[in-house]
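Participant: In my numbering, the protein residues as written are 132 to 547. Cβ coordinates follow ideal geometry from the N, Cα and C atoms, glycine included. Quick caveat: nothing in here was measured; it's all calculated off a predicted structure. Below: one structure in structure tokens.
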């Protein structure tokens, strides 16, 4: 049985009341090793030698270990997992036992905020520039495509780019950006904490699609294309931003699915009309991240559970957009043992399992449809500029099969 004391230890380490977004500072989480160990001792926790077997719980104190903490070879989905530590200029492709099999090092900037492999095996990466919009939560600015050997093959810079970027099937690139809102548009925004604009100004999201030469081929602007009054901000957030998009997912028909953190809303934008053709808001999601459409047409996302007015816990949700019913959900057991107030994501694997990134703790783990953990990795790569702080955040993580287009033939005998 988990004691109330261990629960309090976890909550003290996990919760912050000083900010609402993805740039939650490591300094707001004073989780130094000695304090964490004291909490571990208070909880009476001891990691057993059988820790590599599958488990259903998500005990917070297990995060004191790093690397592989659970591995069930008979049931875990084989593949290679891409890890991009949030405070290091590196990207790692690891094996199922946590060994680094390939890496991109000496990247020019801190990530902004992640990277992933394209079907040609190249790495599409974003770096965090110093220029552009003064907002910092999720900032990027430099998009680059690297080959397997770390050579830059393509580059595009927009200092206002933030959070997400995707390579479309057409070869174009879709990304999120910020722009200063016109005063009359900002005045229409409802909700948020009064007087919390950034130096009296509010910034809004835009979505831009560019071709390989960097020419804009399509744009969408929140201040122009949304009926602003219909989308009030969460009452606890600042009014410096409308509405903190953190995911842009291009759909096969050209439409774009967006996640708006400060609205707790997922929305599909019609490419031609630029108006929402489907949307769902649920404040119990707690300012979600990483919406993805599955091959079956269902939508998954990471529901952070932040600013919900209850004991915080996160979930991964799969929803049928036609019926608007939840068809699958993962949460910790007990719920508060799985919680990341910001960043984070989930990937549905070909096996039917789900790879989950609990970003605040640098925890990446695989669960079965029944919610059993069969693989778990805690990012051991901490930010050098954050001594004594558990700044091992991971924005998202992805796994690639050995015979996938992304990997095939690129890891010698390891890649089919």
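So residue 449 is in the beta strand (DSSP E); what residue range does that whole segment cover?
Facilitator: As a first step, residue 449 is located in the chain shown; it is residue number 318 there, counting from the start. Looking at the DSSP string, the run of the beta strand (DSSP E) that includes residue 449 is 446 to 451.
Participant: Express the C-alpha separation of residue 489 and residue 230 in angstroms, rounding to a whole number.
Facilitator: Within the chain shown, numbered from 1, the residue matching residue 230 stands at position 99. Within the chain shown, numbered from 1, the residue matching residue 489 stands at position 358. Rounded to whole angstroms, residue 230 to residue 489 spans 20 Å at the Cα level.
Participant: Thinking C-alpha only, which one of 499, 339 and 271 is nearest residue 299?
Facilitator: For this step, residue 299 is matched to residue 168 along the chain shown. When only C-alpha atoms are compared, the closest one is 339.
Participant: Here's the rule I'm using: 16 or more other beta-carbon atoms within 10 Å means buried, otherwise exposed. How should residue 435 be labelled?
Facilitator: For the purposes of this step, residue 435 is taken as the residue at position 304 of the chain shown. Buried is the call here.
Participant: If you compare alpha carbons, which of 322, 347 and 266 is closest to residue 365?
Facilitator: Counted from its first residue, the chain shown places residue 365 at position 234. For residue 365, the nearest C-alpha among the options comes from 322.
Participant: Assign residue 280 to one of two classes, buried (16 or more other C-beta atoms within 10 Å of its C-beta) or exposed (fewer than that).
Facilitator: In the chain shown, the residue the question calls residue 280 occupies position 149. The residue in question, residue 280, is exposed, as its Cβ has fewer than 16 Cβ neighbours within 10 Å.
Participant: Can you find the residues in the same chain that come closer than 8 Å, C-beta to C-beta, to residue 324, ignoring five residues on each side of it along the sequence?
Facilitator: Residue mapping note: residue 324 aligns to position 193 of the chain shown, counting from 1. Same-chain partners within the cutoff: 366, 367, 368, 369 and 370.
Participant: Between 227, 215, 218 and 219, which lies nearest to residue 205 when the distance is taken from Cα to Cα?
Facilitator: Taking the chain shown and counting its residues from 1, one reaches residue 205 at position 74. Cα-wise, what sits closest to residue 205 is 227.
Participant: Looking only at DSSP bridge pairs, what is residue 390 linked to?
Facilitator: Within the chain shown, numbered from 1, the residue matching residue 390 stands at position 259. Note: residue 390 sits in a beta bridge opposite 378 and 397.
Participant: Between which two residues does the alpha helix (DSSP H) containing residue 353 stretch?
Facilitator: Along the chain shown, read from residue 1 onward, the residue named residue 353 stands at position 222. Unbroken alpha helix (DSSP H) run through residue 353: 353 to 356.
Participant: Which residues in the same chain have their Cβ closer than 8 Å to the Cβ of residue 180, if we skip the five residues on either side of it in sequence?
Facilitator: Start at 1 with the first residue of the chain shown, and residue 180 comes out as number 49. Any answer about residue 180 is weak, because its pLDDT of 31 lies below 50 and its placement is not dependable; what the coordinates show is given next. No residues qualify anywhere along the chain.
Participant: Does the beta-carbon distance from residue 213 to residue 223 come in below 9 Å?
Facilitator: Within the chain shown, the letter at position 82 stands for residue 213. Within the chain shown, the letter at position 92 stands for residue 223. Cβ distance < 9 Å, so residue 213 and residue 223 count as in contact.
Participant: Taking the alpha helix (DSSP H) that residue 317 falls in, what are its first and last residues?
Facilitator: Position 186 of the chain shown holds residue 317. Unbroken alpha helix (DSSP H) run through residue 317: 314 to 317.
Participant: Under the three-state reduction of DSSP, which class applies to residue 361: helix, strand or coil?
Facilitator: Along the chain shown, read from residue 1 onward, the residue named residue 361 stands at position 230. Three-state result, residue 361: helix.
Participant: Between the C-alpha atoms of residue 286 and residue 305, what's the straight-line distance to the nearest angstrom?
Facilitator: Along the chain shown, read from residue 1 onward, the residue named residue 286 stands at position 155. Along the chain shown, read from residue 1 onward, the residue named residue 305 stands at position 174. Distance between the alpha carbons of residue 286 and residue 305: 14 Å.
Participant: Per the contact definition of three or more C-beta pairs closer than 8 Å, is the region 459 to 472 in contact with the region 507 to 516?
Facilitator: No contact exists between the region 507 to 516 and the region 459 to 472.
Participant: Just the C-alpha distance for residue 456 and residue 491, rounded to the nearest angstrom, thanks.
Facilitator: As a working note, residue 456 is residue 325 in the chain shown. As a working note, residue 491 is residue 360 in the chain shown. Roughly 28 Å separates the two Cα atoms.
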